[in-house]
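Below is one structure, written out as structure tokens, with a few remarks after it.
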Amino acid sequence: MTELNFEHRQAGHCESGVTSNLLNYHKLSLSEPMAFGIGAGLFFSYLPFLKMQHAPVTSFRVWPGMVFSRTTKVLGIKTHIYRFSNPKASMDKLDEVLAQGFPVGLQVGTFHLPFFPPEYRMHYNMHNMVVYGKTDDSYLISDTVMERKVRISYEDLVRVRFAKGAFAPRGRMYYPYSFPSSFDLKQAIIKGIRKTAGNMVGVPFPLIGTKGIRYLAKQMRQWPEKLGEEKASYYLGQVLRMEEEVGTAGAGFRFIYGTFLDEAGTFLKQDWIKEVAVEMGHNANYWRQFSYLGSRNCKKRSGPGQSFDELADMLMECADREEKIFRNLVKIR
Amino acid sequence: MENSNPVYKDKSYGQYREMLYSYDENGNFEKSVSYHGEPDRVVLEQAWDLFNERAEEAKQKVLAGKVSPIAYYMEKILADPMGLSMMAGVPIWKVKLHIKPFFFKRLNDKTLAKYAEAFNISMEQLKNFEQLTGK
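As they're listed, the protein sequences go chains A and B.
Quick note, the numbering used here runs 67 ahead of the 1-based positions in the first sequence.
Quick note, the numbering used here runs 1273 ahead of the 1-based positions in the second sequence.
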């Protein structure tokens, strides 16, 4: 039986929360928005050719695993990242690492996760949590979605670690093990912001970044005609689910990113970044408003002013605002 | 803090508080722990309504003998043929065939076991759908 002295802190986004908590265990305090920003977690992509839960995929975040690997890489922290094909081997490795005294981050699927809020138990294989100990019959888990620490049995843990389907985690586990003596946090923040800005406005592909938001808006106008009211409203619901669901901390990570910009402005002593943070805050509130009006449509009591055209206009506005914000941020030195 | 959430149809939903960030008019970013708000509830409920509806529809079809029990359990675990093919490790064209009762009846135990594992049920439940799940 092992139990590490791991501090559980609830967080908005699972992966940056896990990253922040893991680093915090090793006496490197990095707030959750900081981890998110340095890891360049903000993103937008709309993939109409890929269907999830019967509707096209809209993503507000980067590929799973990127936040952790980027943050640690930029800060010069050495990490181990493993994937397995054999469940037994993966659990043995987990025990071994725990015995050495490292809390371990795991990528899991949420569908069979027994302690997870039932309304969120859909197929989502990019959830992250930390194992910080083991008793005779169960593992001790710190999941950033939950308010408290939880437990999970051996069988359940194997099941969620080897959840199948799209983006299967394949037992992915990761932990930092070696830290440099000094960090250049300033450069890390600048790199993170540049990367995000590049992702949002610098990719010459129509489905990614602000171009992706515009593309989605254009498609949205056609949904009611193309798909019929019911399906169109379900598709809209899918966009809103990805935007507001657990693990985004609201408005598709825009709030969390604004918090990061605010902190970054203070840390770098550059006031213009704080001004951009204010803009980001307003932008996030606008996204929030979009989801309020959109959800009214999903409830089928849409009055005038909440038609798909109106919502598409709002999205266009969001795209314009974000384009302005990130064009500004690209210039950071 | 009291659960200010409008109640879900399913009583076990909406019992957990999560971390939410927000931005207020004074220009401060804040975080708070609270129940998720109405938009989340509406869109989540919409999704679950659809899943339950699809499962119910599939159940009726199975009982009428139009599709095999695989179609029902597939909806039950919120999968489509593509997802089920990945979860069970059966090629997608075979999954599509096995949804038809004609091919389902000819399935061997080995393939049935694969499906049963993906659905997290016993093989008996797959074979005797009407007795065990149907009514």
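Backbone N, C-alpha and C fix where the C-beta goes; we use that ideal spot for every residue, glycine too.
Asked: Should L1385/B be flagged as near chain A, meaning a C-beta pair shorter than 7 Å?; Found: no
Asked: A299/A versus chain B: which residues are under 8 Å apart at the beta carbon?; Found: Those do not exist, as A299/A stays about 12 Å from chain B at its closest Cβ, beyond 8 Å.
Asked: Going by other Cβ atoms of all chains shown within 10 Å of its Cβ, with 16 needed for buried, is K281/A buried or exposed?; Found: In the sequence on display, residue 281/A carries Arg and not Lys. The residue in question, R281/A, is buried, as its Cβ has 16 or more Cβ neighbours within 10 Å.
Asked: Using the Cβ count rule (16 or more neighbours within 10 Å means buried), how would you classify P1312/B?; Found: buried
Asked: May I ask you to list the residues that DSSP assigns as paired with M119/A?; Found: A122/A
Asked: Report yes if the C-beta distance between S1307/B and R1327/B is below 7 Å; otherwise report no.; Found: no
Asked: Which first and last residues belong to the beta strand (DSSP E) in which G200/A is found?; Found: H194 to K201
Asked: Quick check on the burial criterion: 16 or more other C-beta atoms within 10 angstroms. Buried or exposed for E419/A?; Found: Because chain A spans 68 through 400 in this model, residue 419/A falls outside it and cannot be assessed.
Asked: Could you check if E1403/B is buried or exposed, using at least 16 other CB atoms within 10 Å of its CB as the buried criterion?; Found: exposed
Asked: Would you tell me roughly how many angstroms separate the C-alpha atoms of M1360/B and G276/A, rounded to the nearest one?; Found: 31 Å
Asked: Can you tell me whether Q337/A is helix, strand or coil according to DSSP?; Found: coil
Asked: What are the start and end residues of the beta strand (DSSP E) that includes G172/A?; Found: V171 to V175
Asked: Indicate whether at least one CB of chain B lies closer than 7 Å to the CB of K391/A.; Found: no
Asked: On a Cα-Cα basis, can you pick out the residue from I340/A, Y149/A and N352/A that is closest to N395/A?; Found: I340/A
Asked: Could you list which residues in chain A have their beta carbon closer than 7 Å to that of A1320/B, in chain order?; Found: Q120, G304 and R308
Asked: Counting only Cβ pairs nearer than 8 Å, list the residues of chain A close to L1323/B.; Found: H121 and Y301
Asked: Return yes when the Cβ of R239/A is within less than 7 Å of the Cβ of Q174/A, no when it is not.; Found: yes
Asked: List the residues of chain A that M1359/B touches, going by C-beta distances under 8 Å, in chain order.; Found: K231, G232, A233 and A235
Asked: Say whether chain A places a C-beta atom closer than 7 Å to the C-beta of R1290/B.; Found: yes
Asked: Could you check what DSSP says for R239/A in three-state terms: helix, strand or coil?; Found: coil
Asked: Evaluate P1342/B with the Cβ neighbour count: other Cβ atoms within 10 Å of its Cβ, from every protein chain shown; 16 or more gives buried, anything less gives exposed.; Found: buried
Asked: For chain B, find out if any of its Cβ atoms is closer than 7 Å to the Cβ of G168/A; answer yes or no.; Found: no
Asked: Whole-angstrom Cβ separation of L274/A and S112/A, contact assumed at under 8 Å?; Found: 6 Å
Asked: Mind checking the stretch 320–332 of chain A against chain B and listing, in chain order, the residues whose C-beta falls within less than 8 Å of any C-beta there?; Found: F322, I323, G325, T326 and D329
Asked: Mapping DSSP to helix, strand and coil, what is V129/A?; Found: coil
Asked: Output the distance between the C-alpha atoms of V343/A and R128/A, rounded to the nearest integer angstrom.; Found: 20 Å
Asked: Out of E389/A, N91/A and G319/A, point me to the one whose CA is closest to T139/A's CA.; Found: N91/A
Asked: By how many angstroms is the C-alpha of W354/A removed from the C-alpha of D387/A?; Found: 12 Å
Asked: Just mark W290/A as buried or exposed, buried being the case when its beta carbon has 16 or more other beta carbons within 10 Å.; Found: buried
Asked: Could you tell me whether the stretch 1327–1341 of chain B touches the stretch 1363–1376 of chain B, where touching means 3 or more Cβ pairs closer than 8 Å?; Found: yes
Asked: So, does the stretch 321–339 of chain A touch the stretch 248–258 of chain A, judging by three or more C-beta pairs under 8 Å?; Found: yes
Asked: What does S358/A reach in chain B if we use C-beta pairs closer than 7 Å?; Found: P1312
Asked: Among H147/A, A233/A, E70/A and I208/A, whose alpha-carbon lies nearest the alpha-carbon of N192/A?; Found: A233/A
Asked: Have a look at S245/A and L114/A and give me their C-alpha separation to the nearest angstrom.; Found: 38 Å
Asked: Applying a beta-carbon distance threshold of less than 7 Å, which residues of chain B neighbour K216/A?; Found: Chain B residues near K216/A: none, gap ~14 Å exceeds 7 Å.
Asked: Specify the secondary structure class of I256/A as computed by DSSP and reduced to three states.; Found: helix
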